[in-house]
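Trainee: Quick one: the structure is below, questions incoming.
Protein chains: 2
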Amino acid sequence: MGGDYAPDEVVKGALSCTARTDLHIALVGKPDALDAVVAEHGGLPANVTIRPASQVIEMGESPTAALRTKRDSSLAVAIQMVRDREASAVVSAGNSGAFLTLAHLSLPPVTGIHRPAIGAVLPGHRGAWVLIDAGANADCKPIHLAQFGVMASIYCERALGVKQPKVGLLSIGEEQGKGSELILAAHRLLSKAPVNFIGNVEGDDLFSGEIDVVVADGFAGNVALKVGEGMAHFVLTELRGQIARSLMAKLGALLMRRPLKHLGEFFDYSTYGGALLMGVNGICVVSHGRSDARAIESAIQVAQRAVEGRVIEHLAAVVEQLQDRELAQ
Amino acid sequence: MGGDYAPDEVVKGALSCTARTDLHIALVGKPDALDAVVAEHGGLPANVTIRPASQVIEMGESPTAALRTKRDSSLAVAIQMVRDREASAVVSAGNSGAFLTLAHLSLPPVTGIHRPAIGAVLPGHRGAWVLIDAGANADCKPIHLAQFGVMASIYCERALGVKQPKVGLLSIGEEQGKGSELILAAHRLLSKAPVNFIGNVEGDDLFSGEIDVVVADGFAGNVALKVGEGMAHFVLTELRGQIARSLMAKLGALLMRRPLKHLGEFFDYSTYGGALLMGVNGICVVSHGRSDARAIESAIQVAQRAVEGRVIEHLAAVVEQLQDRELAQ
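As given, the protein sequences belong to chains H and Z, one line each in that order. If you read the first sequence in the working numbering, its first letter stands for residue 567, the second for the next number, and so on. If you read the second sequence in the working numbering, its first letter stands for residue 567, the second for the next number, and so on.
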């Protein structure tokens, strides 16, 4: 029920997923609203069920208020299904603050993990890479950053199939001594962590394809995420503006229609579909509020890969190594 | 003498500036090297002099070592000319760490200003905007951020001609309560500062043209700067790759040659040419190490506008207001 285009686009995305996989999907929300959309798309397939929830947390609603007053929200019910092992994963394009708060409350962190964090899967020159933390923790300590690197590395290896993912630390200079106090201390800890740590990386390295995991506190990570999004949009808008100014360019753009369309899609973060809340005891995929059916489909795939890669089980196993290396308590 | 293409491109940029303004420019460095480039471009104009300096700080050299051993470097001599009021401004594309360190040592901060910071002039939908701090101070306190906003606002008004510049605080949510501890405290101080403070802004708002000054600590600011640079490069590279893959697109690109070229230039940060070190007693413009003649020309214009706008004098006058508002000591 959550997201700017819910329930229509969310249901549509879920249905097209079930059409070509053997996933079982539960649509959680107001039965009448869900039934209506399902009916429009040919009725309920065998591998889709509707799970009733009487309330909806609105997009702009305060998470804390919503938690108190809306105990039967679609988001709360969906997360409970993961907590109760009725579902392997939950995907939502709804109120992300409420999603994170509810997930924290219902799905305790994996033992030894201090702070769950958001890992965003983003486009790069040579395929996807993971930015962690993309915005869950505005203030971090060095040990949090080290653990973020471990969590995203496991995800990258188990769910994206990258062997020995290259883990970089976002800083403002490549040399070890460059960066804030937080980064200098995190650098020392990541050097001891059970990951393939390649050292500091800078903002202009992110899309180079040379790095699989970029570690940042949730403030710098969110800034990086959104500046990238804003700049991609800005370049494409300027391009369109330039084209509109000349007849010859318009003609040229017609011939380039397909590459231009591809480019727009490539840099549309929604096609990358999802960000994972890493470190909690359950697979939670936070999809963009603006998600359309394709973005939802993509987010469900992110969830599926995380489940099949047994990301949480592997994380739990690695936490023991962290304790040996003084990277956990 | 500093920069990847020095002295050739630097001298060329300076000469083309003097050709169309009444600026007087001193080229500082090894006379033989400078003479040779000047001779290639038709000899020394009346408003250009050569100021000898026997040493050069290399691009990769450690600033602290260079300061001890190279007291007669071109950078040191040029900054001394500003300190001694022989020059109104200094522009360099050389070792930026050495530039900042030398500027700090030779040109003390304006009384009341805690931390000089780098203000980078960047492209946006509706013209230039200023990002401060673009990387001078990795760790900041709230009062530093408030002062950054004041400094860049004065620059924007006096040098870029923007009336009542809109000052935003880079955060990870638009509401006042969103962000790190640092940002929450800086928000309170900026609300009291003598600037047109519009509140928090997010990374994807930067290029919208709605904000004239974006305030950040030097870590987040540098991340924003470089992620923007990296993403612009990434989009344009992908576009070229897409074009190369199809004959029809290649033909289209031919027709679009001019808009595409314009786009490449627009997003080439070097054409924006310069970043100002704000808060010290002298106009210092840090140009990109990769600067070509055009970038140097642009950096000299940035310096010229700052001098003509009497940015430092205005800052000194405003610092008194800061003391009244508990934004200085």
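Here a beta-carbon is modelled for each residue, glycine too, at the ideal position from N, C-alpha and C.
Can you tell me whether Z:Phe785 is helix, strand or coil according to DSSP?
Mentor: DSSP places Z:Phe785 in helix when its eight states are reduced to three.
Trainee: Contact defined as beta carbons within less than 8 Å: I believe H:Glu849 pairs with H:Ala580. What is the distance between those atoms, to the nearest angstrom?
Mentor: Looking at the sequence shown, residue 849 of chain H is not Glu but Ile. So it is not a contact: roughly 16 Å between Cβ atoms.
Trainee: Could you tell me which whole alpha helix (DSSP H) segments of length 4 or greater appear in the segment 703 to 756 of chain Z?
Mentor: If we require 4 residues or more, the alpha helix (DSSP H) runs fully inside the segment 703 to 756 of chain Z come out as 708 to 725.
Trainee: Runs of 3 residues minimum, wholly inside the segment 574 to 598 of chain H: which ones carry the beta strand (DSSP E) assignment?
Mentor: Whole beta strand (DSSP E) segments, 3+ residues: 591 to 595.
Trainee: Taking H:Gln808 as the query, report the chain Z residues whose CB atoms sit under 7 Å from its CB, ordered along the chain.
Mentor: The answer, in chain order, is Pro825, His828, Leu829.
Trainee: In this structure, does DSSP put H:Pro629 in helix, strand or coil?
Mentor: H:Pro629 falls in the helix class under three-state DSSP.
Trainee: Going by C-alpha to C-alpha distance, which of H:Ala599, H:Trp695, H:His854, H:Glu741 sits closest to H:Glu723?
Mentor: Cα-wise, what sits closest to H:Glu723 is H:Trp695.
Trainee: Take Z:Gly654 as the anchor and find which of Z:Asp890, Z:Val877, Z:Leu888, Z:Gly818 has the nearest alpha-carbon.
Mentor: Per the sequence presented here, residue 654 of chain Z reads as Ser, with Gly not at that position. Answer by Cα proximity: Z:Val877.
Trainee: Is it right to say H:Leu772 is buried, meaning 16 or more other beta carbons lie within 10 angstroms of its own, or is it exposed?
Mentor: It counts as buried.
Trainee: Buried or exposed: which applies to Z:Gln889, given that a residue is buried once 16 or more other Cβ atoms fall within 10 Å of its Cβ?
Mentor: Looking at its Cβ environment, which holds fewer than 16 other Cβ atoms inside 10 Å, Z:Gln889 is exposed.
Trainee: Can you name the residues of chain C whose CB is closer than 8 Å to the CB of H:Gly685?
Mentor: Among the protein chains in the structure shown, which are H and Z, there is no chain C.
Trainee: Out of Z:Val780, Z:Ser662, Z:Ala632, point me to the one whose CA is closest to Z:Leu688's CA.
Mentor: Comparing Cα-Cα distances from Z:Leu688 to each of Z:Val780, Z:Ser662, Z:Ala632, the minimum goes to Z:Val780.
Trainee: Select from the segment 847 to 859 of chain Z all residues with a C-beta closer than 8 Å to any C-beta belonging to chain H, and list them in chain order.
Mentor: Within the segment 847 to 859 of chain Z, no residue has a Cβ that lies closer than 8 Å to any Cβ of chain H.
Trainee: Give the residues from the segment 731 to 759 of chain H that approach chain Z closer than 7 Å (Cβ to any Cβ), ordered along the chain.
Mentor: Within the segment 731 to 759 of chain H, the qualifying residues are Leu736, Ile738, Gly745, Ser746, Glu747.
Trainee: Out of H:Ile591, H:Ile616, H:His590, H:Arg856, point me to the one whose CA is closest to H:Ala602's CA.
Mentor: The shortest Cα separation from H:Ala602 among H:Ile591, H:Ile616, H:His590, H:Arg856 belongs to H:Ile616.
Trainee: When Cβ atoms are compared, which residues of the segment 707 to 733 of chain Z fall closer than 9 Å to chain H?
Mentor: Per Cβ criterion, the list is empty.
Trainee: For H:Phe763, which three-state DSSP category applies?
Mentor: Correct three-state label for H:Phe763: strand.
Trainee: Any residues in the segment 573 to 597 of chain Z with a beta carbon nearer than 8 Å to a beta carbon of chain H? Which ones, in chain order?
Mentor: Hits within the stretch: zero.
Trainee: Under 9 Å between the Cβ atoms of H:Val676 and H:Ala869?
Mentor: The answer is no: Cβ separation not under 9 Å.
Trainee: Between which two residues does the beta strand (DSSP E) holding H:Asp687 run?
Mentor: Before going further, note that residue 687 of chain H is Val rather than Asp in the sequence given. Segment 683 to 688, the beta strand (DSSP E) holding H:Val687.
Trainee: Less than 8 Å between C-beta atoms, sequence neighbours within five positions excluded: which residues of the same chain meet that for H:Asn762?
Mentor: Counting only Cβ-Cβ distances below 8 Å, and skipping sequence neighbours, we find Ser719, Gln730, Pro731, Lys732, Val733.
Trainee: Where Z:Leu673 and Z:Ala700 are concerned, what is the direct C-alpha to C-alpha distance, given to the nearest angstrom?
Mentor: So the alpha carbons of these two residues sit roughly 20 Å apart.
Trainee: Going by C-alpha to C-alpha distance, which of H:His691, H:Pro825, H:Ser853, H:Gly693 sits closest to H:Ser552?
Mentor: Residue 552 of chain H lies beyond the range of chain H shown here (567 to 895); nothing can be said about it.
Trainee: Thinking C-beta only, is Z:Gly818 closer than 9 Å to H:Leu510?
Mentor: This structure gives no information on residue 510 of chain H, because the portion of chain H shown stretches from 567 to 895.
Trainee: Say whether the segment 775 to 793 of chain H touches the segment 750 to 766 of chain Z, bearing in mind that this needs 3 or more beta-carbon pairs closer than 8 Å, one atom from each stretch.
Mentor: As far as the Cβ criterion goes, the segment 775 to 793 of chain H does not touch the segment 750 to 766 of chain Z, which means the pair count is below three.
Trainee: If you follow the beta strand (DSSP E) that H:Leu843 is part of, which residue opens it and which one closes it?
Mentor: Segment 841 to 844, the beta strand (DSSP E) holding H:Leu843.
Trainee: Starting from H:Ala882 and walking both ways along the beta strand (DSSP E), at which residues does that stretch end?
Mentor: No beta strand (DSSP E) contains H:Ala882, which is instead part of the alpha helix (DSSP H) from 877 to 890.
Trainee: Looking at the strands, I want to know which residues DSSP matches up with Z:Ala655.
Mentor: DSSP output for Z:Ala655 lists Z:Ile849 as bridge partner(s).
Trainee: When you compare each of Z:Met625, Z:Arg651, Z:Arg586 to Z:Ala612 by their alpha carbons, which one comes out closest?
Mentor: It is Z:Arg586.
Trainee: Label H:Gly807 either buried or exposed according to how many other C-beta atoms from any shown protein chain fall within 10 Å of its C-beta, with 16 as the threshold for buried.
Mentor: Burial call: exposed.
Trainee: Hey, does H:Lys792 have any beta-carbon neighbour from chain Z nearer than 9 Å?
Mentor: So yes, H:Lys792 belongs to the interface.
Trainee: Given a threshold of 16 other Cβ atoms within 10 Å of its Cβ, counted over all protein chains shown, does Z:Arg871 qualify as buried or as exposed?
Mentor: Answer is buried; the Cβ neighbour count reaches 16.
Trainee: Assign Z:Gly796 to buried or exposed, taking buried as 16 or more other Cβ atoms, counted over all protein chains shown, within 10 Å of its Cβ.
Mentor: Its Cβ being crowded by 16 or more others within 10 Å, Z:Gly796 is buried.
Trainee: Out of Z:His880, Z:Ala702, Z:Gln646, Z:Ala644, state which residue places its alpha-carbon closest to the alpha-carbon of Z:Gly685.
Mentor: Measuring from the Cα of Z:Gly685, the nearest candidate turns out to be Z:Ala702.
Trainee: Looking at the secondary structure, which residues open and close the alpha helix (DSSP H) in which H:Val696 lies?
Mentor: Looking at the DSSP string, H:Val696 is not in any alpha helix (DSSP H); the run it does join, the beta strand (DSSP E), is 695 to 698.
Trainee: For Z:Thr635, which option in Z:Ser620, Z:Asp570, Z:Ile645, Z:Leu736 has the closest C-alpha, if you only look at C-alpha atoms?
Mentor: Checked all of Z:Ser620, Z:Asp570, Z:Ile645, Z:Leu736; the closest Cα to Z:Thr635 is Z:Ser620.
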